[in-house]
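Positions 1 to 510 (UniProt numbering) are the ones given, in order, by the sequence shown. Where is the CB? At the ideal position from N, CA and C, for every residue including glycine. Working notes, structure below.
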Amino acid sequence: LKALIITVFSMLALVGAQLVIPWVIRQLVDAVTTRLNDPTTLGFINQLTLIVILVFIARAALQFLRSYMAHIAGWSVVADLRKFVYEHLQRLSLRFYEDKQTGQLMSRVINDTDLFEQLIAHAIPDVFVNLITLIAISVVLFNLNWILALLSLVPIPLVVLSLRLYARYVRPKFVERQRVLGELNAILNDNLSGIREIKAFTREEEEYWKVGNGIESFKNANLKALRLMAIFQPFVEFTSSLGMLVVIYFGGRLAFRQVLPVADLVAFFLYLEMFYQPVRNLSGAWEAVQNALAGAERIAGLLKEEPELEKREGAIALTGKAQGHIRFNNVSFEYIPGEPVLENINLDIPPRKVVALVGPTGVGKSTLASLIPRFYDVTSGSITLDGHDIRDLTLESLRRQISIVLQDVFLFHGTVRENILFGRPNATEAEMIEAAKIANAHDFIMNLPDGYDTLIGERGVKLSGGQKQRLSIARAVLKDAPILILDEATSAVDTETELLIQQALDRLIA
């Protein structure tokens, strides 16, 4: 807010400084045409020169202040908006992400919000300062000669009409451009994430053309928007020049007949050029406004997505450790309405009881496991934890009671230490090492170049499948939750590694 206030005051002062120069030139012309024999004329010219120097210095300082403070305000708003959008994404359930590409969502958070910086730092200040300039100069023009001032306003209705037409046709083009940019980000994200598969299947050339087509699509979408801008801006330039032509024609005649002093005519031309410059500037500012509105439209579409997992009124926050008694009561679930994945499941899992769900691929084992931490809500029936319907518990307190080890382990780009501590960031060094030992991970970690401080790369690319699984188990151990869910945690590793993981799990359950 402080930056915005400073920006506004600096813009107002800048408008005032800009109005001084034509007045100085008017005084100079008047002095050299009517006061040539006055001995004080040279001194007066020196005074005018000093005024111009001071105005130039003040204008430079004000331009810096306006630009820098506007950027501070712009990036502050963008930062807050990005955090707000990301927080909203965190609240959405996994169902939302099933048909979304990571690159598309990243484009919403980064590219679409980025347009607001242009809006706040450039477009809004430009519109504000140009409108103030137009009002101030209009007053000056009417004061100099009201007839010429009225004639100079002839092109303005055409400019206003063109602004409305421009907004109507260009915004859909900018929306489409942002959509195509999101698709390009998604393609690049898929390709860079799957670079091993691309190399393994020698698909470099095909993927090159796929990315290339995405780049070409973005280029074409950009050019469609820029084509309208290229038509609009010259039209504004042309219409504003019509006003200048009218003033030259009639103003010249008024000066020739000595109805209008030459100094006033010169000043009128200078102020008129200053009058039309904001009109031209508004076309560029209007483009940035439409661009930002296109981004806002896409962000609004994302923010309209409601979290599927509703927090019930009076939800209970579990304190301490739960006993871990889980019960499924006639649970049914379907991803797509009318296509059940689970039907009337009844299951009773007492505390500290090991239960294995066995069956062929696709029968719903992973789905059932995903219902316990409420990644999805049941379609019918209920799941209880220690007698509480899990929908009556706060999500945070429910998920604090659960550790999960998945088949497809996700490790963050960072160190071994950071990935294990992800389970419990406030754990001590001794607790972290003990968790790694229970997971049969300590020995291989100590053989890494920097031990627990070794960088493991994106998604743990520098580790083997078994090593990643054991880090995942260490993370789960460190969380020290009463409920442990294993979703085919050993299906993708060799026999020796599976034995080590099984031993780690036995220690964890003991």
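The alpha helix (DSSP H) enclosing residue i, as first and last residue numbers
{"i": "serine 380", "result": "Run containing serine 380: none in the alpha helix (DSSP H); it sits in the beta strand (DSSP E), 380 to 385."}
{"i": "proline 157", "result": "156 to 193"}
{"i": "isoleucine 5", "result": "2 to 34"}
{"i": "aspartate 126", "result": "124 to 144"}
{"i": "threonine 367", "result": "365 to 371"}
{"i": "glutamine 467", "result": "465 to 479"}
{"i": "arginine 399", "result": "395 to 399"}
Residue environment, residue i, which counts as buried when at least 16 other CB atoms sit within 10 Å
{"i": "serine 464", "result": "exposed"}
{"i": "phenylalanine 116", "result": "buried"}
{"i": "arginine 227", "result": "exposed"}
{"i": "asparagine 37", "result": "exposed"}
{"i": "aspartate 348", "result": "exposed"}
{"i": "tryptophan 146", "result": "exposed"}
{"i": "valine 15", "result": "buried"}
{"i": "residue 513", "result": "For the chain, the structure presents residues 1 to 510; residue 513 sits outside this window and is missing."}
{"i": "glutamate 429", "result": "exposed"}
{"i": "residue 545", "result": "With the chain covering only 1 through 510, there is no way to say anything about residue 545."}
{"i": "histidine 413", "result": "exposed"}
{"i": "glutamine 258", "result": "exposed"}
{"i": "glutamine 467", "result": "buried"}
{"i": "tyrosine 452", "result": "buried"}
{"i": "alanine 60", "result": "exposed"}
{"i": "leucine 223", "result": "exposed"}
{"i": "leucine 499", "result": "exposed"}
{"i": "leucine 165", "result": "exposed"}
{"i": "glycine 314", "result": "exposed"}
{"i": "phenylalanine 64", "result": "exposed"}
{"i": "arginine 475", "result": "buried"}
Neighbourhood of residue i by C-beta, 8 Å cutoff - its chain only, sequence neighbours within 5 removed
{"i": "serine 76", "result": "Ala3"}
{"i": "serine 240", "result": "Pro155, Val159, Tyr276, Val279 and Arg280"}
{"i": "valine 341", "result": "Phe333, Glu334, Tyr335, Gly364 and Thr367"}
{"i": "phenylalanine 375", "result": "Ser93 and Leu94"}
{"i": "glycine 338", "result": "none"}
Distance CB(residue i)-CB(residue j) smaller than 8 Å
{"i": "arginine 424", "j": "leucine 484", "result": "no"}
{"i": "leucine 144", "j": "alanine 58", "result": "no"}
{"i": "alanine 70", "j": "threonine 133", "result": "no"}
{"i": "arginine 399", "j": "proline 360", "result": "no"}
{"i": "threonine 49", "j": "valine 85", "result": "no"}
{"i": "leucine 192", "j": "phenylalanine 218", "result": "no"}
{"i": "leucine 421", "j": "glutamine 401", "result": "no"}
{"i": "glycine 74", "j": "alanine 121", "result": "yes"}
{"i": "residue 511", "j": "valine 331", "result": "The first residue shown for the chain is 1 and the last is 510, placing residue 511 beyond what the model contains."}
{"i": "arginine 171", "j": "arginine 298", "result": "no"}
{"i": "proline 482", "j": "glycine 324", "result": "yes"}
Nearest candidate by alpha-carbon position, reference residue i, set the options
{"i": "lysine 83", "options": "Phe96, Gly103, Ile110 and Leu92", "result": "Ile110"}
{"i": "valine 127", "options": "Val354, Ala255 and Gln290", "result": "Gln290"}
{"i": "valine 246", "options": "Ser332, Leu151, Lys199 and Tyr68", "result": "Leu151"}
{"i": "glutamine 502", "options": "Val461, Asn440, Leu448 and Ala481", "result": "Asn440"}
{"i": "valine 378", "options": "Thr367, Asp386 and Leu385", "result": "Thr367"}
{"i": "glutamate 455", "options": "Ile420, Thr415 and Ala263", "result": "Reading off the sequence, residue 455 comes out as leucine, not glutamate. Per the Cα distances, Thr415."}
{"i": "leucine 89", "options": "Ala300, Ala436 and Gln469", "result": "Ala300"}
{"i": "proline 351", "options": "Val331, Gly338, Glu216 and Ala322", "result": "Ala322"}
{"i": "valine 29", "options": "Met106, Asn426 and Pro261", "result": "Pro261"}
{"i": "phenylalanine 232", "options": "Glu183, Leu161, Arg203 and Lys199", "result": "Leu161"}
{"i": "leucine 293", "options": "Ala167, Leu471, Phe56 and Arg35", "result": "Ala167"}
{"i": "isoleucine 45", "options": "Leu393, Thr34, Gln27 and Val55", "result": "Gln27"}
{"i": "alanine 225", "options": "Ala356, Lys173 and Leu272", "result": "Lys173"}
{"i": "arginine 417", "options": "Asp408, Ile390, Leu393 and Met446", "result": "Met446"}
{"i": "serine 397", "options": "Leu270, Thr319, Ile248 and Ala356", "result": "Thr319"}
Range of the contiguous beta strand (DSSP E) that encloses residue i
{"i": "glutamate 117", "result": "Note, glutamate 117: premise wrong, no beta strand (DSSP E); alpha helix (DSSP H) at 113 to 118."}
{"i": "arginine 327", "result": "326 to 336"}
{"i": "valine 236", "result": "No beta strand (DSSP E) holds valine 236; the alpha helix (DSSP H) holding it covers 204 to 256."}
{"i": "leucine 342", "result": "339 to 349"}
{"i": "leucine 81", "result": "Unbroken run through leucine 81 is the alpha helix (DSSP H), 41 to 91; no beta strand (DSSP E)."}
{"i": "isoleucine 403", "result": "It should be noted that the sequence gives serine, not isoleucine, for residue 403. It spans 402 to 406 - the beta strand (DSSP E) in which serine 403 sits, taken as one unbroken run."}
{"i": "isoleucine 110", "result": "Note, isoleucine 110: premise wrong, no beta strand (DSSP E); not H, not E."}
{"i": "leucine 411", "result": "Run containing leucine 411: none; DSSP gives neither H nor E here."}
{"i": "aspartate 443", "result": "Looking at the DSSP string, aspartate 443 is not in any beta strand (DSSP E); the run it does join, the alpha helix (DSSP H), is 442 to 446."}
{"i": "leucine 486", "result": "483 to 487"}
Cut-off 6 Å between Cβ atoms - residues of its own chain near residue i, not counting five sequence neighbours on either side
{"i": "leucine 265", "result": "Gly251 and Ala255"}
{"i": "residue 511", "result": "For the chain, the structure presents residues 1 to 510; residue 511 sits outside this window and is missing."}
{"i": "methionine 229", "result": "Glu287"}
{"i": "glycine 460", "result": "Leu411 and Lys468"}
{"i": "alanine 149", "result": "Leu141 and Phe142"}
Own chain, CB closer than 7 Å to residue i, minus 5 neighbours either side, in chain order
{"i": "leucine 188", "result": "Gly103 and Val211"}
{"i": "alanine 221", "result": "Glu176, Arg177 and Val180"}
{"i": "isoleucine 433", "result": "His442"}
{"i": "alanine 427", "result": "Leu421 and Leu478"}
Below-8 Å beta-carbon distance, residue i vs any chain B residue
{"i": "tryptophan 23", "result": "Reference to chain B is not applicable here, since this structure consists of a single protein chain."}
Cβ-heavy atom distance, residue i to the ligand MG, below 7 Å
{"i": "valine 461", "result": "Ligands in the displayed structure: none, and consequently the ligand MG is not present."}
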